[in-house]
Every structure is written in structure tokens, then in C-alpha cells.
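Asks:
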Amino acid sequence: MTESYDLVVVGAGPGGSATAYHAARAGLRVLLLDRQEFPRDKPCGDGLMPHAASEVALMGLADWLEEPHHGKFSGFTFYTPSARLRQGVPPTLHGPHGYVARREETDARFLERAISAGAEFRSGVRATGLRRSAAGDVTGVEAVRGGEEAVFAAPLVVAADGVGGFAGDGLKAHQNAVARRQYFTNVDGPDRQDLHVFISRDLNRNGAGYGWVFYFGNGSANVGAGVSTRTLEKTGRNLKDYFDRFLEEPQLTAWLEDARPEGPPKSWSLKMGMWGAKRYARGLLMVGDAASMIHPISGEGVGYALESGRLAASWAHEAHVRQDFSASVLSGYGKQLMRHRAREHLSGHAMLNIVPNLSLLEPLFKACERDPEARQTLIESFTGDTPVYSLLKHPRTLAHAIKDAAGNRQKA
Ligand SMILES: Cc1cc2nc3c(=O)[nH]c(=O)nc-3n(C[C@H](O)[C@H](O)[C@H](O)COP(=O)(O)OP(=O)(O)OC[C@H]3O[C@@H](n4cnc5c(N)ncnc54)[C@H](O)[C@@H]3O)c2cc1C
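Position in the sequence shown (first residue = 1) + 740 = this note's numbering.
(1) Taking just the CA atoms, how far does D746 sit from L1070?
(2) Report the CB separation of F954 from G785 in whole angstroms; it is logged as a contact under 8 angstroms.
(3) Run the CB neighbour count on K980, radius 10 Å, all protein chains shown included, and call it buried at 16 or more, exposed below.
(4) Measure the C-alpha to C-alpha separation of V927 and A1021 and round it to an integer number of angstroms.
(5) So Y761 packs on A841, CB below 8 angstroms; how close in whole Å?
(6) Apply the 10 Å Cβ neighbour rule to I1119 and answer buried if 16 or more other Cβ atoms are within range, or exposed otherwise.
(7) Please classify Q1116: is it buried, with 16 or more other beta-carbons within 10 angstroms of its beta-carbon, or exposed?
(8) Exposed or buried, what is V1027 when buried is set at 16 or more other beta-carbons lying within 10 Å of its beta-carbon?
(9) For H936, list the residues DSSP reports as bridge partners.
(10) What is the DSSP secondary structure of I1037, reduced to helix, strand or coil?
(11) Out of I1094, G756, P930 and A999, point me to the one whose CA is closest to A848's CA.
(12) Can you give, in chain order, each stretch of the alpha helix (DSSP H) that sits fully within the segment 1055 to 1127 and has at least 4 residues?
(13) Given 8 angstroms as the limit, is there contact between the segment 863 to 871 and the segment 1135 to 1152, that is, 3 or more CB pairs closer than that?
(14) Using a Cβ-Cβ cut-off of 7 angstroms (strictly less than) and excluding sequence neighbours within five positions of L992, which residues of its own chain qualify?
(15) Go ahead and pull the three-state DSSP assignment for N1148.
(16) Please go through the same chain and pick out, in chain order, the residues whose beta-carbon is closer than 7 angstroms to the beta-carbon of G876, but skip the five residues on each side of it.
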């Protein structure tokens, strides 16, 4: 028998659970599907920027964020081969803190909120395609559960399946980065109230990448590294190799001397920068990684998944009220996301393509080390609070960086 809903959401990561939570609260009959059983792990740095924390609070989880086993950060330390930048969390509208919380726990909490808001959840269900009428309207989702085929009927579907590709139709952009992380207990580095970001020579020689140490509240930490897929293509090296070399950086060996791994490292891919992905079609909305909503500089995607889910839910409600699921109505969602996020994401994407390696990036960090205002702008462009071209507000510092970069190029 075909079961019928107002909205089917495919994928119960942050994007899908946020969509289901907000849509159910708005009164829609929502079905949320995931191919996995929960709680489940998702390889991630586990960092929640302040804007992400605001979205978490909007889902009624502000108190949960404050639980002491989570990391709570109030600043950043960036390390390049010759510069060390420390900066507090930018004083934006989103408050002075971010958090570090394991995705296994975080995603289970988001899912609980969606269910308590009234969404129906089915695990172990893999969506295999969209079902459309002869006229092209979406009529539901085809799926497989326990080896059996199933159909869930709805006039509107949200694809929140991350880097999966269930909706097909050339809607998704390709992955453009990969990252790997491992949990360690007893990590012994300084300034646990900061997120530590390493722009190392090895990770940046042939493109952009960084390593990180993000502390939890109990002394363990998420340690990871990410590089662009272009870097892998250029070098013929693999992510495991980059990650292993990152752990051999002198600072890391010192911090990890007495640390114990909590399990094996895990890798995943990312689609960053809003570039090349469609975010809507007739009867279909895409959120989170499925819509390439990962910040191209920081690699941060949880906050954008939550935000795009919240916006998608409001457009799902609008379409439901109008009983009009056309691309023209749903384009409002695409436009709204562009208005909110395109400046930061697209300019970051452009910068990484124009300034793709350390000989150019390092002088920028060095120049910002000496200029607190430019440093704050640099950090805001990492946290997604300002577009990277805001650095133009600091012409003297930029001029220094460009002069040094030109000198480096001549020497090279
Ligand atoms: C190593 C690494 C480090 C990162 N660090 C950070 C960080 O510190 N902070 C941050 O904000 N972001 C970080 N990110 C990015 C972040 O993990 C993603 O942006 C985030 O998970 C996106 O959420 P989502 O809901 O869109 O997708 P996902 O979390 O990937 O969830 C998708 C869900 O869809 C389900 N699914 C897939 N296909 C199907 C199907 N056919 N049928 C049914 N279900 C399906 C999956 O089982 C999964 O549960 C990192 C990414 C990586 C790889």
C-alpha cells in the first residue's frame, strides 16, 4: 500500500532533521527517511560555529549545547609555517561562542527534535528515486527497505541525502574536497577554548587544505585534515597519506605524545561553495550538502544544512498552502538561499581558485598577524560572517601581503 504525506524528506542528517522539524511544526504531515539506523556516526570536525549554534537553539536545543562534555570555543588559533594568529570569535549577531559536539550525538538530538515535533521517521529505508506523473509532477519517493520495494507518496520531496545522489537528474554538483578525522583522548595542546587550525606546508603546497584540532569538554579532541580533490589529482597522493603526514607535524606529535586514538580514522567527501548545484526543481528542494551548502574556506556545513532545512521547510509550507509545487514557486527558496549566503560562499570559492597555495596565502596571514582589524576580518571570512572581499577594507595590509607574495614568487 502506498503511504501518503505532505512532504517526504530523504536523509536524517542535520539538513533533513531541521527540514522535518520546522515543517512538522508548521503543520505539515512529514515523513523523514534514512538508509541508516540511528544513532549513527558521520565523519566530521564536529565544530559548530556561532551561526550554527543559533540554528541549534532554534530547534530547542540551546541547553543541550551547554552540556559540559561538549567543547565550547571562544576563539581561533591559526598556524602557518611562519605566522600564528589568535583571535576571539567575531562579535557578530550570533553570540561569542561556538561548540564542538560529536555528530553521533548531535544528529540523534536533531532527529529526536524532528520526531517530537510530529515528523514520522523510518530508518533502514534507502530512497532510490523520485516518482513523477506523466505530466512531470512529483508524486513521491521510491525506496527499498529490508529488500522490499516501497513507495511513499507526496507532492513535494526534500533531498537531504548529503553527498548521496538519490534525486539524480544531474542536480548535484560534484564533490570537490575530502577530509579525514580521528578521535583522540588525552590530547595535550594549549588554549582548549580555541579551535586550532593548521595551514601546513604539506597540505597547501598544491592547493588549499588545512588540519585541525578541536577540543571537547573532557580532554579528548577531534583531529583531522582536509584537502581539495584537485590537490589529490595533481599529486597522485591520497587523503590517508595527507592525514598521516599531518599527524607527523612537530606540533601535532608533541600534542599527541600521550594521546590514545579512540578508534580508527574515518574519511568522507565534501561539496563546497554553492557552485554548480541546483537547489530546487518542480516538486523538489535540496538542502545541506545535497545543495553544496558547505563553506568553501572553512569546510563547515552543519549550520548551513540546518539553515537551508529551516528555509526549505518554510517554502514547503508555502507551496502546500498554495497547492502549487512548481519550480516557479520553489525558486523562492533558491533565491532566498542565494541572498543569505552567496556572497560569502561564492567569493570564498573564487578566492581559493585565485589564491590556491601557500606562497600567496602565507603573506596574507603574516600581514594580518600585525593588523588586529584585518585579522578579525580574516577570521570572519573563515566563520562565514563576512565575504572574503571585506579584506579590501584593509588596503595597507593587503598591499603588504601582495608585495611579500610577489617577492616570494620571484625567489621561487
Ligand atoms: C571530515 C569532515 C569534517 C567536517 N567538519 C565540519 C565541522 O567541523 N563543522 C561543520 O559544520 N561541518 C563540517 N563538515 C561538513 C559536515 O559534515 C556536512 O556539511 C554535514 O554533515 C551536512 O549535513 P547534511 O544533513 O546535508 O548531510 P549528512 O550529514 O551527510 O546526512 C545525510 C543523510 O542522508 C542519508 N542518506 C543518503 N542517501 C540516502 C538515501 N538514498 N536514502 C535514504 N537516506 C539517505 C545518510 O544516511 C545520512 O544520514 C565536515 C565534513 C567532513 C567530511
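We treat Cβ as the ideally placed atom computed from N, Cα and C, and that holds for glycine.
From a predicted model like this one, the values you see are computed outputs, not experimental measurements.
Replies: In terms of the structure at hand:
(1) 15 angstroms
(2) 6 angstroms
(3) exposed
(4) 47 angstroms
(5) No, Y761 and A841 are not in contact; Cβ-Cβ is about 17 angstroms, not under 8 angstroms.
(6) buried
(7) buried
(8) buried
(9) T817 and V953
(10) coil
(11) G756
(12) 1067 to 1094, 1098 to 1109 and 1112 to 1123
(13) no
(14) F986
(15) helix
(16) R1022
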